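Chemist: Our numbering numbers the first residue of the sequence shown as 1 and each following residue consecutively.
Cβ atoms here follow ideal geometry from the backbone N, Cα and C, with glycine treated the same way.
All values derive from a computational prediction rather than experimental measurement.
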Amino acid sequence: MSLKSGLTWRSLFGLIIAALLFLPVNIYLNLSTGMMMSTAAVYIIAILLSEIARYSGNPLSANELFIIYATMGIAATTLPPYYWLVYRSFFVNTPVTYAYKIDDTPLPYLVEDWLCPPLGSPAHTYRTLFQVEWLKPLAIFTTLSLLSFTADLGLSMFLSHLTVRVVGLRFPFATLDWSLIETITKRESDKIKIFMTGFYPGLIYGAILYGGFGMGVPLIPLPWADFTWLTEKYLPGAIVGISTEPSPFIFGLMLPLSITGNILAGSLIIWIILNYIFTTNTSFFPQWVKEYYRGMTISSIYQRSFQRIWISPQFGFVIGLAIALIISLRKHISGIVRLRLKDVKNEFNDFPSIKLSLVLYVIGSVGSVLLFIVLVPEIPFYVPLLTSLAVSFMIGALAAYAIGEVGTFPSLPWPWQAIIYFTPYKGYPGWVVSPYICLGTPGSASQMVKVSYLSGTKPKDYFKAWTIALILNLIFGLIVIDTYWRLAPIPSSVYPGSMIYWPIYATNDALFATRQIKLDPTLLSLSSLISCLLYFASNVLQKIGIPFHAIAFIMGCYTLPTS
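1. If we count the other Cβ atoms within 10 Å of its Cβ and call it buried at 16 or more, is Lys-460 buried or exposed?
2. Where does Lys-101 sit, in a helix, a strand or coil, going by DSSP?
3. Please confirm whether Met-555 and Thr-408 have their CB atoms less than 8 Å apart.
4. What would DSSP say about Ala-225, mapped onto helix, strand or coil?
5. Would DSSP call Ile-327 helix, strand or coil?
6. Measuring straight from C-alpha to C-alpha, what distance separates Ser-444 and Ala-400?
7. Within the continuous beta strand (DSSP E) that includes Ile-309, where are the two ends?
8. Taking 7 Å as the limit between beta carbons, can you name the residues of its chain near Val-86, skipping five residues before and five after?
9. Please name the residue in Met-296, Asn-275 and Pro-561 whose C-alpha comes closest to that of Pro-286.
10. Give me, in chain order, the residues of the same chain whose beta-carbon lies closer than 8 Å to that of Ser-528; leave out the 5 immediate sequence neighbours on both sides.
11. Rounded to the nearest angstrom, what separates Phe-13 and Gln-314 at their Cα positions?
12. Determine, using beta carbons only, whether Ala-75 and Leu-31 come nearer to each other than 8 Å.
13. Ends of the alpha helix (DSSP H) at Ile-68?
14. How about Glu-51 and Thr-8: are their beta carbons less than 8 Å apart?
15. Which class does Pro-377 belong to by DSSP, given the choice of helix, strand or coil?
16. In the structure shown, what three-state DSSP assignment does Thr-457 receive?
17. Figure out for me which residue from Leu-412, Thr-483 and Ser-2 has the closest Cα to the Cα of Thr-128.
18. What residues are listed by DSSP as bridge partners for Gly-241?
19. Among Pro-547, Ile-419, Leu-533 and Leu-412, which one has its Cα closest to the Cα of Asn-520?
20. Provide the residue span of the alpha helix (DSSP H) that contains His-124, from first to last.
21. Put Phe-234 into one of helix, strand or coil per three-state DSSP.
22. Could you tell me which of Thr-514, Ser-525 and Ser-365 sits nearest to Phe-393, measuring between CA atoms?
23. Under the rule that 16 or more other beta-carbon atoms within 10 Å means buried, what is Asn-349, buried or exposed?
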């Protein structure tokens, strides 16, 4: 099939409009409620831009709409790095952080001037990022963002080639993305009827679900109906509830029963059975038992049990599964590198070269490591180097393979903090700023490459548009964040969500920096070994007809039973 270009002036204009109109909405939504625009918002934006083009008499092609759909999430629904600069200003001024000390020095006094202006600086009073005192933090965070993006881009190019072109994973949700694009652009009557049959009920339910926030009284609890108050007498510590968002049910219907069954099994074992066992037996995790009390909600149980029990095992699960995956794919990986580096001419003119992907990955990773070493010289250089080059590759490979197989990859909270914990570092900046570490971006990027082939669009155009979308996010994000800060202090009653969540963020940062969140190397190693063995065992079990899927099972360990 001949692939066409989707990167035109119209798709670029659509990206600009999406960033200009919806990025301010997304940032304000986060500051006001603590939430972000969901995947459904991306669908709505795509439909809106498509209809505007249609009514103008020149409808978007499937290739153009794919480019907008695939990259507008980066431009319009991603928090820009400058959000965290304003948060850092809050960190040094809030009384919450003064209770946490390193060698008798309160944490606000350990914040370097490249993170934010020092305590007592008038820059905090003027509430604008466009000041001389903010130039160094702006320059450093922008540079780190660009270097991390460069590494993510290169790794995504390499792994999408591996999973889409070489291994040929099915990417179950790629069909959903392509169906939306095809329905909007081709407007076949049968598909439009089916689409609208689901669209209107979803619109009504969404209005009920989210409309209550506009009135100040949620009509339906979001994101779940919490039943722990009913079950805590019989299953203390267990997380029991039902999601009120329709997406988990819709996505679950699109996966094979063997996959959803394994995800459910992993979720039930971790968050209900083991949480219950560890709560009722004080010998396992006494700190968690001490903190648990009747009346805790799903959110509080998840947050505290994760910090006290699951942070080490869950990081270990990812590492072990990634190691097993790389071992099983080693011939594919080495073959791609060996053959493509020898090729003078790129076999796939529609796809970025493997040489380019590896160069971008190395430049972004090593560049971020060098900058980090200059900023935080107390941490041994091999720690950020191995993290950016080795650990990131493992996480990226697992993310791409997991999304290609089961359609999902969990967010990894605090992976850098888990690594720093096992170093002798004593300070604050090294905990809150990191070199490049992959958080799973190659997984979603690989899915979009799959969709690009389904839509007949050159993958090269997707990666180019991705770059443009990031630049738009940085430019507009800086302006929007600065404008909101000028309008009112953050946190304040104008932005009520920040009054709730920013103190929580500050507390988590302080707990890590003062090493009050404990990680267990034995648990981490044991969980890595278990997940690695489960992967190879699943291959054997599937051959004899037992539908055990290790990746789906491990992904379930990160998924709350509510979903």
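Modeler: The structure says:
1. Along the sequence shown, read from residue 1 onward, the residue named residue 460 stands at position 460. Around the C-beta of Lys-460, 16 or more other C-beta atoms lie within 10 Å, and the residue is accordingly described as buried.
2. Your numbering for residue 101 matches position 101 in the sequence shown. In this structure, Lys-101 counts as strand in the three-state DSSP scheme.
3. As a first step, residue 555 is located in the sequence shown; it is residue number 555 there, counting from the start. As a first step, residue 408 is located in the sequence shown; it is residue number 408 there, counting from the start. Yes, these two residues count as a Cβ contact at 8 Å.
4. As a working note, residue 225 is residue 225 in the sequence shown. Ala-225: strand per DSSP, three-state reduction.
5. If you number the sequence shown from 1, residue 327 lands on position 327. Taken through DSSP and simplified to helix, strand or coil, Ile-327 comes out as helix.
6. Indexing the sequence shown from 1 puts residue 444 at position 444. Indexing the sequence shown from 1 puts residue 400 at position 400. The straight-line gap separating the alpha-carbon atoms of Ser-444 and Ala-400 is approximately 7 Å.
7. Stepping through the sequence shown from its first residue, residue 309 is reached at position 309. Looking at the DSSP string, Ile-309 is not in any beta strand (DSSP E), and its letter there is neither H nor E.
8. If you number the sequence shown from 1, residue 86 lands on position 86. Cβ neighbours of Val-86 beyond the five flanking positions: Ile-481, Trp-485 and Ile-490.
9. Taking the sequence shown and counting its residues from 1, the one referred to as residue 286 is at position 286. Comparing alpha carbon positions, the residue from Met-296, Asn-275 and Pro-561 closest to Pro-286 is Asn-275.
10. Counted from its first residue, the sequence shown places residue 528 at position 528. Counting only Cβ-Cβ distances below 8 Å, and skipping sequence neighbours, we find Gly-316, Phe-317, Ile-319, Gly-320 and Ile-323.
11. On the sequence shown, residue 13 is found 13 positions in, with the first residue counted as 1. On the sequence shown, residue 314 is found 314 positions in, with the first residue counted as 1. C-alpha separation (whole angstroms): 42 Å.
12. Within the sequence shown, residue 75 is the residue found at index 75, counting from 1. Within the sequence shown, residue 31 is the residue found at index 31, counting from 1. Not in contact: Ala-75 and Leu-31 (Cβ atoms no closer than 8 Å).
13. Your numbering for residue 68 matches position 68 in the sequence shown. Per DSSP, Ile-68 belongs to the alpha helix (DSSP H) from 62-76.
14. Counting from 1 along the sequence shown, the entry for residue 51 is found at position 51. Counting from 1 along the sequence shown, the entry for residue 8 is found at position 8. Contact flag unset, no.
15. Sequence index remark: in the sequence shown, residue 377 carries index 377 (1-based). If DSSP states are grouped into helix, strand and coil, Pro-377 belongs with coil.
16. One-based indexing of the sequence shown puts residue 457 at position 457. If DSSP states are grouped into helix, strand and coil, Thr-457 belongs with the strands.
17. Looking up residue 128 in the sequence shown gives position 128. Among Leu-412, Thr-483 and Ser-2, the Cα nearest to that of Thr-128 is on Thr-483.
18. Translated into the one-based positions of the sequence shown, residue 241 becomes position 241. BP columns for Gly-241 point to Asp-226.
19. The residue labelled residue 520 in the question sits at position 520 within the sequence shown. For the sequence presented, residue 520 should be read as Asp rather than Asn. Among Pro-547, Ile-419, Leu-533 and Leu-412, the Cα nearest to that of Asp-520 belongs to Ile-419.
20. Here residue 124 refers to the residue found at position 124 when the sequence shown is read from its first residue. Boundaries of the alpha helix (DSSP H) harbouring His-124: 123-126, taken from the DSSP string.
21. The count along the sequence shown starts at 1 and reaches residue 234 at position 234. In the sequence on display, residue 234 carries Tyr and not Phe. Coil at Tyr-234, not helix or strand.
22. Position 393 of the sequence shown, counted from the start, is the residue given in the question as residue 393. Answer by Cα proximity: Ser-365.
23. Within the sequence shown, the letter at position 349 stands for residue 349. So Asn-349 counts as exposed.
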